[in-house]
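J.:
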Amino acid sequence: MARIEFSDGNSVVIIGSGAGGGTLAHELTRRGIKVVLLEAGKRQSRRTFSQIPGEAFLQLTWLDTRTQSGNWGVARDFPTLPVWHCKTVGGTTVHWTASAPRLQPWELRAKTTYGQLGDTSLIDWPISYRELEKYYEAAESRLGVTRRNGIPGLPASNNFKVMYAGAKKLGYKQVHTGHMAINPQPNDGRDSCIQQGFCVQGCKTGAKWSTLYTDIPRAEETGNLDLRVECTATRIEHGADGRINAVIYRDGEGKEQRQKARLVCVAGNAVETARLLLLSDSARFPQGLANSSGQVGRNYCHQITGFVWGIFDKPVYSWRGATLAGVVEDEAINNPRRGFVGGYRIELVTLDLPTLPLVGLPYGWGRDFASIMENYRNMAGLFINGEDMPRSDNRITLNSEVKDAFGLPVANVHVDEHANDQAMRKHAQGQMSRMYEAIGARRVVTGPTPPATHNLCTARMSADPRDGVSNAWGQAHDVKNLFISDGSALSTPGAANPTLTIVALTLRQAEYISQQMAAGNI
Amino acid sequence: MDEPIPLHRREFLKTTTGLLTGLVVAGSPLALIAPGRAWAVDMTTLTSSEAATLMAVARTLMPHDKLEDAAYALVIQAIDGEASRDENLRRMIKAGVAGLGAGFAKSAESDRVAALKKIESSEFFQTMRLKTAQILYATPMAYAHFGYEGEAYSKGGYLLRGFNNLRWLPEVPLEDSGPMPAEE
Ligand SMILES: Cc1cc2nc3c(=O)[nH]c(=O)nc-3n(C[C@H](O)[C@H](O)[C@H](O)COP(=O)(O)OP(=O)(O)OC[C@H]3O[C@@H](n4cnc5c(N)ncnc54)[C@H](O)[C@@H]3O)c2cc1C
Ligand code: SF4
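Protein chains in written order, with the numbering used here: chain A, 1 to 522; chain B, 1001 to 1184.
(1) Identify which residue in B:R1167, B:S1177, B:L1166 and B:T1021 has its Cα closest to the Cα of B:A1219.
(2) Could you check how far apart the C-beta atoms of A:A495 and A:G343 are, in whole angstroms? I think they sit under 8 Å.
(3) Hey, does A:N10 have any beta-carbon neighbour from chain B nearer than 7 Å?
(4) Can A:K208 be considered in contact with ligand 2, in the sense that its beta carbon sits closer than 6 Å to one or more heavy atoms?
(5) Indicate whether at least one CB of chain B lies closer than 7 Å to the CB of A:Q174.
(6) Using the Cα positions of A:R258 and A:R250, report the straight-line distance between them to the nearest angstrom.
(7) Note down, in chain order, all residues in the segment 1125–1138 of chain B with a beta-carbon under 7 Å from any beta-carbon belonging to chain A.
(8) Is DSSP giving B:A1052 helix, strand or coil here?
(9) Can you tell me whether B:R1167 is buried or exposed? The criterion is at least 16 other CB atoms within 10 Å of its CB, across all chains shown.
(10) State the Cα-Cα distance for the pair A:N10 and A:K34, rounded to the nearest angstrom.
(11) A:Y344 bridges to which residues according to DSSP?
(12) Just checking, does the segment 1106–1113 of chain B make contact with the segment 1078–1094 of chain B on the three C-beta pairs under 8 Å criterion?
(13) Who are the near neighbours of A:Y213 in its chain, counting only those whose CB is closer than 7 Å to its CB and skipping five residues on each side?
(14) Can you find the residues in the same chain that come closer than 8 Å, C-beta to C-beta, to B:T1017, ignoring five residues on each side of it along the sequence?
(15) Does the Cβ of A:N412 have 16 or more other Cβ atoms within 10 Å, making it buried, or fewer, making it exposed?
(16) What does a CB cutoff of less than 6 Å around B:E1184 pick up in its chain, not counting 5 residues either side in sequence?
(17) Indicate the three-state DSSP secondary structure (helix, strand or coil) for B:H1064 in the structure shown.
(18) Considering only DSSP beta bridges, list what A:R443 is partnered with.
(19) DSSP on A:D486, reduced to helix/strand/coil?
(20) Closest to A:K255 by C-alpha separation, out of A:A233, A:G242 and A:K111, would be which residue?
(21) Which residues mark the beginning and the end of the alpha helix (DSSP H) in which B:E959 is found?
(22) Closer than 6 Å to a non-hydrogen atom of ligand 2 - does that hold for the CB of A:C203?
(23) Under the criterion of a Cβ to heavy atom distance below 6 Å, does A:F57 qualify as lining ligand 2?
(24) Any C-beta of chain B within less than 9 Å: which residues of the segment 127–149 of chain A qualify?
(25) Spell out whether any CB of chain A is found under 7 Å from the CB atom of B:V1172.
(26) Reducing DSSP to helix, strand and coil, say where B:E1171 ends up.
(27) Chain A partners of B:D1069, CB-CB under 7 Å?
(28) Could you tell me the boundaries of the alpha helix (DSSP H) in which A:P217 lies?
(29) Using 7 Å as the threshold, is the C-beta distance between A:R345 and A:N385 below it?
(30) Roughly how many angstroms separate the alpha carbons of A:W72 and A:I304, rounded to a whole number?
(31) Leaving out the 5 sequence neighbours to the left and right, which residues in its chain are closer than 6 Å to B:A1052 when beta-carbon positions are compared?
(32) Just to confirm, are A:A246 and A:E253 a CB contact at a threshold of 7 Å?
(33) How would you list, in chain order, the residues of chain A whose beta-carbon sits under 7 Å from the beta-carbon of B:N1164?
(34) For A:N10, verify whether its CB is less than 6 Å away from any heavy atom of ligand 1.
(35) Cβ of A:D486 within 6 Å of any heavy atom in ligand 1?
(36) Considering only their Cβ atoms, is the gap separating A:T93 from A:A25 smaller than 7 Å?
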């Protein structure tokens, strides 16, 4: 591992080591570029992952305070936890359940496709699906995604058998165990999946892809990576010429440090990425760094999510098996006759016993609540993953009334749902209920929208600098040597779980950065 | 007679202010360690009668008749522990208990439900609901009661232990599923 001097102004500083940051660190270091990788969380390993759900949550989750507002259900059901992501080396790829589908071509033309819809801030992506395709292919082979590149699917779990039978009764055609970044066979130095269902607690076999045990150690092996754990970036600085020249951060002891930089890539997950830019205001950028458009933090998207539980007469044992390994893709289409634009995916889901009442059924009490829990053995689960509509006022702002441990304003997350979001959720819940009823469910229970796990679009790529924060490579419109390297850069969310797209965009960005550096442009 | 098994590590240097006790029931995970014995949970800030009221609150909120008292006692132990470190919580819990009145624990379920309904929006109720949900379902007794098998890494996962043993629905064709991993 490299040691890069604080005064070394030739290094690249990456903030955050998750899907975006971890991948980018590897891609740049393997090309011989020196990288300082700042990660606010601690480093765990397959050995140290706790197998007690409550403990694992505390070990991995970002729990620093945030506030929220707006009419979304999360504000009511999870008042203290608007969003859910990790604070640990590897970021949320330690927590994720590894569903890795692609966006569809029309989803990258969201404004053109859904443009007739009012009250949105939709744009088209500044890149086409054709340009993205080869990076999707590279990302899929990197992550070892199932049903791609000759890798077989995962075997069907009990929970999936229930989903499959219900989906087929309804006439759905595209139903399978998913495009998962989980090894059905050993691959790339990682073991195969043993179907233990602790994907969210950290996968002890490494069957599930995470930058923690792929890209990050590989970046370290190049000798070009200086990974600094428990180091939280608090401000990005620029010189008189407007170019970024340093990152201020707090180290593990709370001491302030200043790392000089040739360029900076922000990959702190969409809420923290926007917050950090807003915290980095200056005389030149009074609204926040790279925010002359006023778009930083706006257009926040989180995808339409939610649980549906089916209770049957016979046991399902849904907790046995990979958490999310199953999908119905037939509804991932744009068919406004359903009463909404955009598509959704029906995905398999299960929750461990301690987590179910906290995340999957966070309301209710008494005999009715208990009777649902009593059926834990006989319960099957489904999850909605759909496209939500961007709105200018759904946004991340600084809440100067509430301060973090360093005395800095925390992020406020504001979401007012679009009528399209609500219509889509209702349709999805209806279809999922019908799937279970068609095969004899005794009862169907619709659960809540969980804290947002897919945080997107808060520094989005746009062709027109007035519509977004970054260009087609995630490079800030306002500042040439500042890059957005995480889910914040997506122009619109689409219906696909976002991580594969984040990795694909990062691979493309890494190529661009190294070319631009070599050409002396940045 | 044996000493009752303490369900939780006692906090030394703290005086016991109250106690919850019960008998280990047959089939309980506790029976593996100490069949036929009594269990006890020390309180460090609540009185025995306050603890008994909270037990009744927890049982009314999440009533699983066949789930043994020891599981609910662990909920109360955790609340007591937190309350002994957090003065505001302590005051709030004690006031909540007092508000329910001395007869709460002994009253009929329908009366307990009615009493709790009236305070559903209070901080006391919300705290009790959340703490009960957080702790009850994470106890070994709840794992046993609900049939949840928990951590499986140490046993090789569920791959060969029933992840696909459901037989009351048709099997999934191979093209929509996938092969079992090859034996090493
Ligand atoms: C339970 C769960 C299940 C999920 N399942 C799926 C799935 O099946 N499929 C899918 O596609 N996606 C899934 N996701 C979402 C997926 O994990 C994210 O899309 C992805 O990890 C986001 O990548 P990122 O690079 O934007 O941020 P992250 O991976 O979250 O990484 C951000 C990192 O930056 C660090 N950081 C933030 N601010 C700072 C700072 N100021 N200084 C230093 N470090 C900082 C954080 O600590 C964190 O480690 C899931 C998420 C959760 C929570
Ligand atoms: S189910 Fe598979 S992917 Fe998930 S934690 Fe277990 S081994 Fe890892």
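Just so you know, even glycine gets a beta-carbon here, dropped at the ideal spot from N, CA and C. In this text, all values refer to a predicted model and were calculated from it rather than measured experimentally.
T.: Quick answer:
(1) Residue coverage of chain B in this structure runs from 1001 to 1184, which leaves residue 1219 of chain B outside it and unanswerable.
(2) Translated into positions along the first sequence, residue 495 of chain A becomes position 495. Translated into positions along the first sequence, residue 343 of chain A becomes position 343. Contact holds; Cβ gap of about 4 Å.
(3) Position 10 of the first sequence, counting from 1, holds the residue named residue 10 of chain A. It does not; no Cβ of chain B falls within 7 Å.
(4) Working through the first sequence from its first residue, we reach residue 208 of chain A at position 208. Yes, ligand 2 has a heavy atom inside 6 Å of this Cβ.
(5) For the purposes of this step, residue 174 of chain A is taken as residue 174 along the first sequence, with counting starting at 1. By this cut-off, A:Q174 is not an interface position.
(6) Reading the first sequence from its first residue, position 258 is the one you call residue 258 of chain A. Reading the first sequence from its first residue, position 250 is the one you call residue 250 of chain A. Approximately 9 Å between the Cα atoms of the pair.
(7) Result list: R1129, A1133, Q1134, Y1137 and A1138.
(8) By one-based count along the second sequence, residue 1052 of chain B stands at place 52. The answer is helix: DSSP assigns B:A1052 an H, G or I state.
(9) Position 167 of the second sequence, counting from 1, holds the residue named residue 1167 of chain B. With fewer than 16 other Cβ atoms within 10 Å, it is exposed.
(10) Position 10 of the first sequence, counting from 1, holds the residue named residue 10 of chain A. Position 34 of the first sequence, counting from 1, holds the residue named residue 34 of chain A. Cα-Cα distance, rounded: 8 Å.
(11) Stepping through the first sequence from its first residue, residue 344 of chain A is reached at position 344. According to DSSP, A:Y344 bridges with A:G386.
(12) Because the criterion of three Cβ pairs below 8 Å is not met, the segment 1106–1113 of chain B and the segment 1078–1094 of chain B do not touch.
(13) Taking the first residue of the first sequence as 1, we reach residue 213 of chain A at position 213. Only R46 and G206 meet the Cβ criterion.
(14) The count along the second sequence starts at 1 and reaches residue 1017 of chain B at position 17. If we look at B:T1017 and ignore the five residues flanking it on each side, its Cβ neighbours are M1043, T1044, T1045, L1046 and T1047.
(15) As a working note, residue 412 of chain A is residue 412 in the first sequence. Burial call: buried.
(16) The count along the second sequence starts at 1 and reaches residue 1184 of chain B at position 184. Note that B:E1184 scores a pLDDT of 45, beneath 50, so its modelled location is shaky; the value from the coordinates is reported in the next line. Nothing listed; no residue qualifies.
(17) For the purposes of this step, residue 1064 of chain B is identified with residue 64 of the second sequence, where counting begins at 1. B:H1064: coil per DSSP, three-state reduction.
(18) Here residue 443 of chain A is taken as the residue at index 443 of the first sequence, counted from 1. Per DSSP, A:I311.
(19) Locating residue 486 of chain A in the first sequence gives position 486, where the first residue counts as 1. Here A:D486 sits in coil by DSSP.
(20) Counting from 1 along the first sequence, the entry for residue 255 of chain A is found at position 255. Among A:A233, A:G242 and A:K111, the Cα nearest to that of A:K255 is on A:A233.
(21) No answer is possible for residue 959 of chain B: it lies beyond the span of chain B, which begins at 1001 and ends at 1184.
(22) Taking the first residue of the first sequence as 1, we reach residue 203 of chain A at position 203. The answer is yes for A:C203.
(23) Residue 57 of chain A sits at position 57 when you count from the first residue of the first sequence. Because no heavy atom of ligand 2 lies under 6 Å away, the Cβ of A:F57 does not count as near it: no.
(24) Residues of the segment 127–149 of chain A that bring their beta carbon within less than 9 Å of a beta carbon in chain B comprise T146 and R147, in sequence order.
(25) Here residue 1172 of chain B refers to the residue found at position 172 when the second sequence is read from its first residue. Chain A, which has a Cβ nearer than 7 Å to the Cβ of B:V1172, makes this yes.
(26) Residue 1171 of chain B sits at position 171 when you count from the first residue of the second sequence. In the structure shown, B:E1171 sits in coil (DSSP, three-state: anything other than H, G, I, E or B).
(27) Here the question's residue 1069 of chain B lines up with position 69 in the second sequence. In chain order: nothing, as chain A lies at least about 15 Å away.
(28) Looking up residue 217 of chain A in the first sequence gives position 217. Counting along the chain, the alpha helix (DSSP H) containing A:P217 begins and ends at D215 to E221.
(29) The residue labelled residue 345 of chain A in the question sits at position 345 within the first sequence. The residue labelled residue 385 of chain A in the question sits at position 385 within the first sequence. Yes, the pair counts as a contact, with Cβ atoms nearer than the cut-off.
(30) For the purposes of this step, residue 72 of chain A is taken as residue 72 along the first sequence, with counting starting at 1. For the purposes of this step, residue 304 of chain A is taken as residue 304 along the first sequence, with counting starting at 1. Going from the Cα of A:W72 to the Cα of A:I304 covers about 11 Å.
(31) Taking the second sequence and counting its residues from 1, one reaches residue 1052 of chain B at position 52. Hits under 6 Å: A1105.
(32) Reading the first sequence from its first residue, position 246 is the one you call residue 246 of chain A. Reading the first sequence from its first residue, position 253 is the one you call residue 253 of chain A. No.
(33) Translated into the one-based positions of the second sequence, residue 1164 of chain B becomes position 164. Near B:N1164 (Cβ distances below 7 Å), the residues of chain A are P155, A156, S157 and N158.
(34) Here residue 10 of chain A refers to the residue found at position 10 of the first sequence. No, since every heavy atom of ligand 1 falls outside the 6 Å radius drawn around the Cβ of A:N10.
(35) As a first step, residue 486 of chain A is located in the first sequence; it is residue number 486 there, counting from the start. True, at least one ligand heavy atom lies under 6 Å from that Cβ.
(36) Along the first sequence, one-based indexing puts residue 25 of chain A at 25. Along the first sequence, one-based indexing puts residue 93 of chain A at 93. No, the Cβ-Cβ distance between A:A25 and A:T93 is not below 7 Å.
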